[in-house]
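**Student:**
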Amino acid sequence: MKFFLLAAAFVLMAASFTSCSQKNMNTENNAITKDAQLEWSGEYMVDGCGFKLTIDGKDYKPEDESAIGEEFKQEENLIPVKVTYTETGEIIDRRCGLSTQDRSMPGIRIISIEKL
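Be aware that the sequence shown starts at 1137, since it is given in this note's numbering, and climbs by one per residue.
(1) Determine whether the beta carbon atoms of Ala1172 and Pro1216 lie at a separation below 9 Å.
(2) Confirm, please, whether the CB-CB distance from Ile1247 to Thr1224 is below 9 Å.
(3) Please state the DSSP three-state secondary structure of Ser1240.
(4) What does DSSP give as the partner residue(s) for Leu1174 in the beta ladder?
(5) On a Cα-Cα basis, can you pick out the residue from Cys1232, Val1182, Ile1249 that is closest to Lys1218?
Following this line, the structure appears as structure tokens:
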């Protein structure tokens, strides 16, 4: 009986680990490629808000802003880009400086980005 309970617990643990890793794993098969507008508002450490992408009129926050090169850091300019990404399914809210303004946006994971 103890062996049966131990085996059942092991199977349940294995199934839960598998489902968690599949939920968080976005493969390039789920990738979306679209034209977008990229906005840079400055570094977080100097009260900026980092990057924001506008795709089909909707704002998105990249979860991995380090995937975007230095050449895209141009303040007060909207840069037309082609971006390949996956949706994370999570809302990202990064507060900028001392602001209490809600800046929550759907999160995306960037696979590639290039200027148009």
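Where is the CB? At the ideal position from N, CA and C, for every residue including glycine.
**Tutor:** Quick answer:
(1) Yes.
(2) With respect to the 9 Å criterion, Thr1224 and Ile1247 are not classified as neighbours on the basis of their beta carbons.
(3) Three-state result, Ser1240: coil.
(4) DSSP, once it has assigned bridges, lists Leu1189, Ile1215 as partnering Leu1174.
(5) The alpha carbon of Lys1218 has as its nearest neighbour, out of Cys1232, Val1182, Ile1249, the alpha carbon of Ile1249.
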